[in-house]
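So for the sequence shown, this note's numbering puts the first residue at 239; every next one is plus one.
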Amino acid sequence: MNQLSKIAEYANPDVLVTTEWLKSNLDNVIVVESDEDILLYETGHIPGAVKLDWHTELNHPLRRDYLESEEFSALMNIKGIGRQDTIVLYGDRSNWWATYAFWVFKLFGHENVLLLDGGRNKWIADGGEITKEKPVVSSKSYPVVERHDSEIRAFRDEVLQHIGQPMVDVRSPEEYSGERMHMPDFPNEGATRGGHIPTAASIPWSKSIQEDETFRPVAELEKLYFENTGYDRSSDFIAYCRIGERSSHSWFVLKYLLGVESVRNYDGSWTEWGNLVGAPIATGSEPGLAT
239 MNQLSKIAEY ANPDVLVTTE WLKSNLDNVI VVESDEDILL YETGHIPGAV
289 KLDWHTELNH PLRRDYLESE EFSALMNIKG IGRQDTIVLY GDRSNWWATY
339 AFWVFKLFGH ENVLLLDGGR NKWIADGGEI TKEKPVVSSK SYPVVERHDS
389 EIRAFRDEVL QHIGQPMVDV RSPEEYSGER MHMPDFPNEG ATRGGHIPTA
439 ASIPWSKSIQ EDETFRPVAE LEKLYFENTG YDRSSDFIAY CRIGERSSHS
489 WFVLKYLLGV ESVRNYDGSW TEWGNLVGAP IATGSEPGLA T
């Protein structure tokens with residue numbers, strides 16, 4: 239199956255673009271690179287792309303939270319992004335942090351947000367141009383808009399009430415079982431207990447990706463998320479990981495590629511849950527029981 243045929247079968251095919259499409263439309267969109275490796279952009283990026291640093295620019299400077307409305311507006315003006323602009327996001331690690339940025343844009347209700355299928359590595363593999371030249375941008379007077387957390391974001395009390403309902407832990411099997419509290423070569427980031435939220439299914443985020451870093455066909459994603467769990471598109475899903483970035487990737491798959499009616503990202507994730515006093519935790523490879 240070629241890439242265009244694969245994308246056409248998704249529930250929302252209009253949110254994904256191919257490298258060939260982007261090559262032909264660079265002048266019509268605002269390209270934004272968001273990487274796990276925050277130094278990659280400086281080594282070369284898609285012509286005209288602006289850099290979005292997930293750690294220093296999307297997060298609140300004091301609280302563990304996201305930018306407030308005024309801060310998001312200011313950031314968009316710094317990046318030269320207008321409210322009506324069409325944004326194409328891409329990044330390294332199979333768009334891991336690009337989908338995180340996508341999710342944050344949706345918290346602020348930005349409508350025209352697209353994702354480059356395959357991300358940075360697919361662009362390079364397909365002969366896309368890379369430059370070190372940074373674009374010259376100017377403010378477009380991005381309005382101050384309300385941040386909407388309720389529809390796509392879950393908080394710890396909501397997660398506690400959701401135990402026994404559709405929930406996916408998208409971390410590695412070792413993190414899920416409690417053998418590890420973080421990925422190899424990554425910091426612990428404060429969790430004091432290992433394991434997973436009881437009844438959560440283990441579906442590592444990377445299983446939705448093919449070898450070329452594009453998303454798997456819809457039939458394979460349906461088997462991964464629906465056939466293996468007994469859930470369907472009408473289910474109310476919550477996804478979580480360690481700090482909310484990998485689960486943004488799975489949130490994107492569930493909501494936009496599979497068309498799940500209700501799916502939220504628990505960005506507090508294991509860094510929060512693994513520190514909560516009295517919070518229920520399950521260990522091992524089985525989901526465990528609601529208590």
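Built from N, CA and C at the ideal position, the CB exists for glycine as well.
Neighbour-count burial assignment, residue i, 16 or more Cβ in a 10 Å radius
i: P411; result: exposed
i: S262; result: exposed
i: M405; result: buried
i: M239; result: exposed
i: Q241; result: buried
i: A336; result: buried
i: R502; result: buried
i: I368; result: exposed
Residue i vs residue j beta-carbon contact at 8 Å
i: R385; j: S307; result: yes
i: R484; j: R409; result: yes
i: D407; j: A438; result: yes
i: W292; j: Y338; result: yes
i: A528; j: I441; result: no
i: F393; j: G482; result: no
i: L278; j: D330; result: yes
i: T452; j: G356; result: yes
i: A520; j: P436; result: yes
Closest by C-alpha distance to residue i, when choosing among the options
i: G512; options: G282, L278, D470, H420; result: H420
i: E271; options: R302, A287, R394; result: A287
i: G416; options: E465, Y494, K244, G526; result: G526
i: K372; options: K360, E396, V269, D395; result: V269
i: N266; options: I319, E295, L345, V456; result: I319
i: T509; options: R302, D252, V255, V253; result: R302
i: T257; options: W361, P299, E460; result: W361
Per DSSP, cross-strand counterpart(s) of residue i
i: S500; result: D474
i: E367; result: BP columns for E367 are empty, so no partner.
i: F453; result: I447
i: K289; result: E271
i: I325; result: I268, V351
i: D407; result: S440, Y478
Using 8 Å as the cut-off, can you tell me whether the segment 438-449 makes contact with the segment 370-381, which would need three or more C-beta pairs spanning the two stretches below that distance? With a cut-off of 8 Å, the segment 370-381 and the segment 438-449 do not count as touching, because too few Cβ pairs lie within range.
(Q) Measuring CB atoms only, is the segment 276-287 touching the segment 467-477, in the sense that at least three cross pairs come out at less than 8 Å? (A) Result no; under three Cβ-Cβ pairs closer than 8 Å.
* Any contact of the segment 307-316 with the segment 349-365, i.e. 3+ C-beta pairs under 8 Å? -> These segments do not touch.
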